[in-house]
Structures are given as C-alpha cells and as structure tokens.
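Residue numbers (my numbering), protein chains in the order written: chain A, 311 to 615; chain B, 272 to 567.
Scroll down for the structure; my scribbles are underneath it.
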C-alpha cells in the first residue's frame, strides 16, 4: 500500500524483497513476543485443564488432563468466591468513582483554574507515577487506628475513626479509596487533553443557542468526552480487576479474607501451594471477566453517542 | 504554565467571564476545593518524608508530632544496615533500563513495518498485537506458564527472567504504528527513489521524526517497569535479586504486626523519591504524552 511508486513490472522479485524486509523488521520482536507473551496466554488455558503441580515442573510426565475439574472446583471454592466478590467490589465502586473524580478535576482545571494550573496537574498526577507498594506502605502508616494521621485528623473534627485496615467492614472500602486516590490523576490527564481538543465552535454554537453553563456541559462537553472516558474506563477496569499490591502489603488479604482479591488468590494457590493447574483456571476466569467487561464498556460508551 | 495559558487562553477567559458573572466574588471557592484536593494528593508523600526523619518513639506518640523533633538520619542508617538498598536500586535500574531499551527499539521498528511496509503476514502481525493489548504482559493470566517456562529455561531468579516478558510489549508497537502512519508517504518515497534502503529510510527519516513519541513511550515504559511488582515477586527468589518494590513489600509484610514505620518510611522514600524527581523534571513530556496515547 505504501509503495505506490514501485513499477508493477518487476512484480515477483519485488514482492519477495518486500517480504524479506518486512520480516527483517518484525521477526526479532515476534520471537520474544511470541514466546513470552502470546504463547503463555494459550499455555495458561492448557495448564488450566491439568493437575499441574510443583513436581510436574521437573517431570511433566506425571501431569494428567482433568478436564474442567479445576474450573468447577474454583466455582465451588468459598475463598475463590470471596476473592471474586471483593475484586468485583473494587471494580464496581472503584471505576465509577475514579472516572467521576478524574472528570471533576479535569473540568475544574480546564475551566475555572488559570493560575497554578500546571502545579495542580502535576500534584494530582503524582500518585500515578509512584510505586503502588510504596503507596500502600505509606497509607498503612497513615491508617493506623492509634496515632495514624487520618484518625488524628478525624479526631480534630470530633469524630472517632475506626480501625480501618483491621476491620472487615472498613478494610475493603479503605483499599478502594486508595485505588481511587492513586488513579484519578490518570483519568484527569486523559480528559484534560480531550477537553483541550474540543473545537471552540461547539461552545460558540451553544452560546448562540442560549445554553446555560450546565446545559453546555451536559449536551456539548460530556458527549465529546466520551471517547476519552471510554479509554480511561477500559484501562482503569483492566487494572482494577488485577488489583493485588494494596491488599498484599496493607492487609495480607485479611481480616477474614475481606480484602482477598483474585490476583492475590491466584498468586497464593500458584506460588505458595504450587497448585499451578488450579491457579491457571482461576486466572482464566479472570481473563474472561476482563474480556467481558471491556466488551461491555465499548457497547455502553460507544452506542450512547 | 505560560505556554499552557496561551494555548487554552481563549477558553479560560470566556469561562472565567461566565463564572464571575454568576459568582461575583470570582471562583475562589474552586481554588479552595482544588487546593484541598492537592493537599490530599501530595500530603501522603510529605508525611512519608517527615516520618522517615522521626525517631521510633516519636512515631509512636499520640497525638503525633507534625514536624520531626529533630531531623535525624537514623532510620536511613538502620535501613542501609538491614537491607541492601544500593543492590535493589541496581537491580531495578538494570531491569527497567533493559525493558525500556528493548521496547523503544522494537516499537519503532515494528511500528514502521506495520505502518509503511507491505509484506505477507502484515495483517496477521497487526491483529496479534491488537489482540494482546488487552492482556497485560506477565500479569495474573500468564504468570503460571511463564514461571514453568522460566524453570525449563533455567532462568528463575535472573534478570533475564524479569526482563523478557516485558521486552516486546504490544502497546508500544501499536502506539508507534499510529504515530508513523501520520508521516506522509511522499517523504519516504522520495528517499526510496534516491536509492535508500528501507533501513536507511527508517534510520534517517522515520526515527528522527519519532523523537517526542519515543521519549514518551520510553518514560512510560521505564516507570511501569520500575514499579512492576507481581512478576518480579514470582520469579525472583533470592534477596540479592529483588527489585525495589519487591524488597519493600517483603520487608513490610515481615513487620505486619509490629511495624517499624521509621524504617518503612525511609524505605518508601528510597523507592518513591527517584521516580518523583524524574517525573518533576520530565513532567511536561509526561502528562502530554500520556494524554496523547489516550486520545489516539
């Protein structure tokens, strides 16, 4: 397609040369990509149908295909269900909150704030670039029941804060809040760019039609932000479905598994107990959830335009 | 800031105008709100730095002190005695450095081939790249077979084991393909007519045009690699190979019940501050480039 200038006469030799050049550019990538990215996706599915465990790594002959047993076992496993439920909570509450706060921040910075805008943007984006592990350690420090800065501040306001991470009621909400805090800056930056890309004409037209600020936002800005919101929602959800560092560092999944997530449980089954077949089956269920949620978001956010 | 203001100037002026008509006192309340938000976003990092200089006794005092009674480097000294942080730092740098180099090289080359070369199998390669965009490299979905593979290759607990699954990411390829597609064919054809090989066209014409895009991809990839956790946790089995996040998380979990927060805050500083410095220096690149990747 690109080589419109090439004469058609020397066709065949040229095609071969083109193929050679094309493959020379792509094959080093494809080798690594194939072995370490694409292949494991298929291999994970195969392993999920087996009873692969630690001994099978050195001697795979002992592995048996056990059909869908791992899957039915997972679906009946109360700990898996709990992990799936917690991960669901993280997505169902975390994603909308992250998008909403990111949207609010981007609109505020784009329309109301002129001075120090760069400072605010950098500040809000700061948590996105830092290690989740470090952030989780810092928040664990701040959320201590006694003397943690969060409860001390609540105390100044006359409220008594709970034992955030030690209570099975508050631990998961705390971890969701942390996820929202860390990722809203990402949504903000995406939507800021989208806002700045909106053609001035739309606003002029709205003004001519006598639209009030809220109407302009609702019927002009918001629909035009839809592609940016779709992108942000997809990326955020894929990330949230795999949440792991926060509970790993802050609560170790507790108390009473109230913060156990799917990725944590896959890790635990796979690399503490070395039930590798079982871990793969659970990972594949997670994969299906990621695919379904992504497809759903494309549906919802695309068609409403 | 100044560039920003001149770019978005028209919108800003108009909207401010609107607002000031409705709120005679201007939009000071919005500044208050956004500033409170800033405190919430940046405050924890300030608290981390302050905490890292406080003594254990001071950290346990209720109510807590705001500023350290005396700035002591004691936590950092103890941290370096207990944990080999220079080593973790080296590990993280090597791992993130190689991952970044590989991605930048692969993304530009493959991106060029997919955007501007016609060869048998091009569409298949593109489709593969698009299909895998949704599956994060070495995430929960693929860690099990990857671990088995690394065991077979005798690579468990090596730099190569951490690097390889992230070296050829589909995201960069996709991004660079989008970028390179916008380069007009005429420019490339002119060079081809003059007898330039595809490699020369790539090196001399395409690559220089990719500067900002590649810088953005590089920064983005480096950060992701630097902060990566799950796969290094799985495949690195001995302390001297740990990357910074793995070392910090392992240490934090040991002290789950009687945490030494002085040490933990000092450790967090070691993980966070280099990244924050890089971010502040390159922030303009950053926020703009990430937005750019999002909208395309």
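Glycine residues also receive a C-beta, built at the ideal position from the N, C-alpha and C atoms.
Keep in mind it's a predicted model, so treat the numbers as computed, not measured.
Item: Backbone CA spacing between residue 453/A and residue 433/B [nearest angstrom]; Value: 33 Å
Item: 8 Å Cβ cutoff met for residue 538/B and residue 550/B; Value: no
Item: Residue 295/B versus residue 544/A - alpha carbon distance; Value: Any answer about residue 295/B is weak, because its pLDDT of 37 lies below 50 and its placement is not dependable; what the coordinates show is given next. Looking at the two C-alpha atoms, the distance is approximately 40 Å.
Item: Nearest-angstrom beta carbon gap, residue 383/B and residue 335/A [assumed within contact, 8 Å]; Value: 6 Å
Item: Which residues DSSP lists as bridging residue 375/A, in chain order; Value: 360/A
Item: Cβ separation of residue 568/A and residue 478/A, assumed to be a contact under 8 Å, to the nearest whole Å; Value: 4 Å
Item: Test item: CB-CB of residue 497/A and residue 408/A under 8 Å; Value: yes
Item: With 16 other Cβ atoms within 10 Å as the buried cut-off, status of residue 517/A; Value: exposed
Item: Candidates 512/B, 498/B, 334/B, of which the one nearest residue 361/B by Cα; Value: 512/B
Item: Contacts that residue 552/A makes with chain B (C-beta to C-beta distance below 9 Å); Value: 407, 410, 411, 412, 501
Item: At least 3 beta-carbon pairs within less than 8 Å: the region 575 to 594 of chain A vs the region 361 to 369 of chain A; Value: yes
Item: Residue 611/A - DSSP class collapsed to helix/strand/coil; Value: helix
Item: Interfacial residues, the region 390 to 416 of chain A to chain B, with Cβ spacing under 8 Å; Value: 415
Item: Endpoints, the alpha helix (DSSP H) within which residue 340/A is located; Value: 321 to 343
Item: Contact between the region 565 to 580 of chain A and the region 387 to 397 of chain A (3+ Cβ pairs under 8 Å); Value: yes
Item: With 16 other Cβ atoms within 10 Å as the buried cut-off, status of residue 457/B; Value: exposed
Item: C-alpha gap between residue 440/A and residue 457/A, whole angstroms; Value: 25 Å
Item: Neighbour flag for residue 372/A against chain B, beta carbons, 8 Å; Value: no
Item: Given 8 Å, three or more beta-carbon pairs between the region 477 to 496 of chain A and the region 520 to 534 of chain A; Value: no
Item: Cβ shell of residue 449/A (< 6 Å), same chain only, five flanking positions each side left out; Value: 488
Item: Cross-chain neighbours of residue 516/B in chain A, by beta carbon under 9 Å; Value: 441, 442, 443, 444, 555
Item: Interface residues of the region 460 to 482 of chain A facing chain B [CB-CB below 7 Å]; Value: 462
Item: Nearest-angstrom Cβ-Cβ length linking residue 536/B and residue 451/A, presumed shorter than 8 Å; Value: 7 Å
Item: The region 408 to 421 of chain B contacting the region 462 to 477 of chain B, beta-carbon criterion three pairs below 8 Å; Value: no
Item: 8 Å Cβ cutoff, residue 531/A in contact with chain B; Value: no
Item: Selection of the region 534 to 548 of chain A by Cβ proximity to chain B, strictly under 9 Å; Value: 537, 538, 541, 542, 544, 545, 548
Item: Cβ-based neighbour list, residue 328/A, same chain, cut-off 6 Å, excluding 5 preceding and 5 following; Value: none
Item: Test: residue 600/A CB closer than 8 Å to a CB of chain B; Value: yes
Item: At least 3 beta-carbon pairs within less than 8 Å: the region 438 to 455 of chain B vs the region 333 to 348 of chain B; Value: no
Item: C-beta contact flag for residue 543/B and residue 316/B at 8 Å; Value: yes
Item: Below-8 Å beta-carbon distance, residue 447/B vs any chain A residue; Value: no
Item: Proximal residues of chain A, C-beta to C-beta of residue 523/B below 7 Å; Value: 447, 559
Item: 8 Å Cβ cutoff, residue 610/A in contact with chain B; Value: no
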